[in-house]
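Q: Chain order of the listed sequences is A and B.
End of the first sequence sits at 1047 in the working numbering; the numbers just go up one at a time, nothing left out.
End of the second sequence sits at 851 in the working numbering; the numbers just go up one at a time, nothing left out.
Beta carbons: idealized from backbone N, C-alpha and C, even for Gly.
Dumping the structure here so I can ask a few things about it.
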Amino acid sequence: GNSVTQMEGPVTLSEEAFLTINCTYTATGYPSLFWYVQYPGEGLQLLLKATKADDKGSNKGFEATYRKETTSFHLEKGSVQVSDSAVYFCALSHWPGLIFGTGTRLQVFP
Amino acid sequence: DAGVIQSPRHEVTEMGQEVTLRCKPISGHDYLFWYRQTMMRGLELLIYFNNNVPIDDSGMPEDRFSAKMPNASFSTLKIQPSEPRDSAVYFCASSWEGTQPQHFGDGTRLSIL
């Protein structure tokens, strides 16, 4: 069945470091892919999305490219800030809702 | 624009009590979803509605759980009787079309003692 696999956390980085959070998926058909972010005490917020192969989603300095050949949607940011500390969820569309990965906690220290 | 609104934000109650969680979706969104988040199981879809009609409740864990959507602007998730293992964060989300990004509320943190 359809599933999403994310790298284990927490990911601990210093401010201005480069971030990669790996996400791979298993799916039939051509799902849309999403990254959501959850700040402490809050709900999930859509960070970026990609709807077809080779699409690049981007927002707030974060990027992810829909790679069909490697079934991946890795999240990257060139220079993280302390305010980026949160839990990040990779998800794919699976009618009618979403299938989420387990989430990766990112901790950024000054 | 108002987002998805959930109430209460926190609920602490004793086992055996009835618990009612409430959700107001974004106006114009035809789909409403209830999720449960726990450390052990992550985010699980419990039930979803389309145009106020429950379509798939296969994720509801037991008969103790029930959900209703009496109109387009209000939904409830009820647990009766509640048990300590129901302790979790419950999220409501809505979208204007099933394949579109879902917008989440801030969740209800439920603790059953």
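#1: Which same chain residues end up closer than 6 Å to P1047(A) when comparing Cβ atoms and leaving out the 5 residues on each side of it in sequence?
#2: Within the same chain, show all residues whose beta-carbon is closer than 8 Å to that of M944(A), passing over the 5 residues directly before and after it, in chain order.
#3: Would you mind telling me which residues of chain A sit closer than 8 Å to P822(B), beta carbon to beta carbon, in chain order?
#4: Can you give me the C-alpha to C-alpha distance between W1032(A) and E756(B), rounded to a whole angstrom?
#5: State yes or no: is the beta carbon of P839(B) nearer than 7 Å to at least one beta carbon in chain A?
#6: Under 7 Å, Cβ to Cβ, is there at least one residue of chain B near F1037(A)?
#7: Run through chain B and tell me which residues come within less than 7 Å of P1050(A), C-beta to C-beta.
#8: Quick one: give me the first and last residue of the beta strand (DSSP E) that L784(B) is part of.
#9: Report the residue from A954(A), G998(A) and S969(A) whose alpha carbon sits nearest the alpha carbon of A990(A).
#10: Residues of chain B with CB under 7 Å from P983(A), in chain order?
#11: If the criterion is Cβ atoms closer than 7 Å, does the pair Y773(B) and F812(B) meet it?
#12: Roughly how many whole angstroms lie between the Cα atoms of F999(A) and P819(B)?
#13: Does the region 752-768 of chain B come within contact of the region 964-980 of chain A, defined as at least 3 CB pairs closer than 8 Å?
#14: Please return the same chain residues whose Cβ sits closer than 7 Å to the Cβ of D844(B), not counting the five positions on each side in sequence.
#15: What are the boundary residues of the beta strand (DSSP E) that A740(B) is part of?
#16: Run through chain A and tell me which residues come within less than 8 Å of G843(B), C-beta to C-beta.
#17: Could you tell me the distance, in whole angstroms, from the CA atom of K1005(A) to the CA atom of T776(B)?
#18: Alpha carbon to alpha carbon, how far is T846(B) from S1016(A)?
#19: So, under 8 Å CB-CB, L950(A) and E1013(A) are touching, yes? Tell me the CB distance rounded to an integer number of Å.
A: Quick answer:
#1: One-based indexing of the first sequence puts residue 1047(A) at position 110. E952 and V1019.
#2: Within the first sequence, numbered from 1, the residue matching residue 944(A) stands at position 7. Within the same chain, M944(A) has close Cβ partners I958, N959, C960 and T1041.
#3: Position 84 of the second sequence, counted from the start, is the residue given in the question as residue 822(B). Simply none; closest approach about 22 Å.
#4: Here residue 1032(A) refers to the residue found at position 95 of the first sequence. Here residue 756(B) refers to the residue found at position 18 of the second sequence. W1032(A) and E756(B): Cα-Cα distance of roughly 31 Å.
#5: Against the second sequence, residue 839(B) aligns to sequence position 101. P839(B) counts as touching chain A.
#6: The sequence position of residue 1037(A) within the first sequence is 100, counting from 1. By this cut-off, F1037(A) is an interface position.
#7: What the structure shows of chain A is the stretch from 938 to 1047, and residue 1050(A) is not part of that stretch, so it cannot be assessed.
#8: Here the question's residue 784(B) lines up with position 46 in the second sequence. First-last of the beta strand (DSSP E) with L784(B): G780 to N788.
#9: Looking up residue 990(A) in the first sequence gives position 53. When each option's Cα is compared against that of A990(A), the closest is S969(A).
#10: Counting from one through the first sequence, the residue named residue 983(A) turns up at place 46. According to the sequence as given, residue 983(A) is Leu; it is not Pro. By Cβ distance, chain B contributes P839.
#11: Position 35 of the second sequence holds residue 773(B). Position 74 of the second sequence holds residue 812(B). Against a cut-off of 7 Å, the Cβ pair of F812(B) and Y773(B) comes out as no contact.
#12: Locating residue 999(A) in the first sequence gives position 62, counting from the first residue. Locating residue 819(B) in the second sequence gives position 81, counting from the first residue. Each residue's Cα considered, the two are about 44 Å apart.
#13: no
#14: Working through the second sequence from its first residue, we reach residue 844(B) at position 106. Q744 and R747, listed in sequence order.
#15: As a working mapping, residue 740(B) is identified with position 2 in the second sequence. Careful: A740(B) lies outside any beta strand (DSSP E) and carries neither H nor E.
#16: Locating residue 843(B) in the second sequence gives position 105, counting from the first residue. Those within 8 Å of G843(B) in chain A are G980.
#17: Reading the first sequence from its first residue, position 68 is the one you call residue 1005(A). Reading the second sequence from its first residue, position 38 is the one you call residue 776(B). Computed Cα separation, rounded: 30 Å.
#18: Your numbering for residue 846(B) matches position 108 in the second sequence. Your numbering for residue 1016(A) matches position 79 in the first sequence. Approximately 33 Å, taken between the alpha carbons.
#19: To locate residue 950(A), count along the first sequence from 1; it is residue 13. To locate residue 1013(A), count along the first sequence from 1; it is residue 76. Not quite, the Cβ-Cβ distance comes to about 12 Å (not below 8 Å), so this is no contact.
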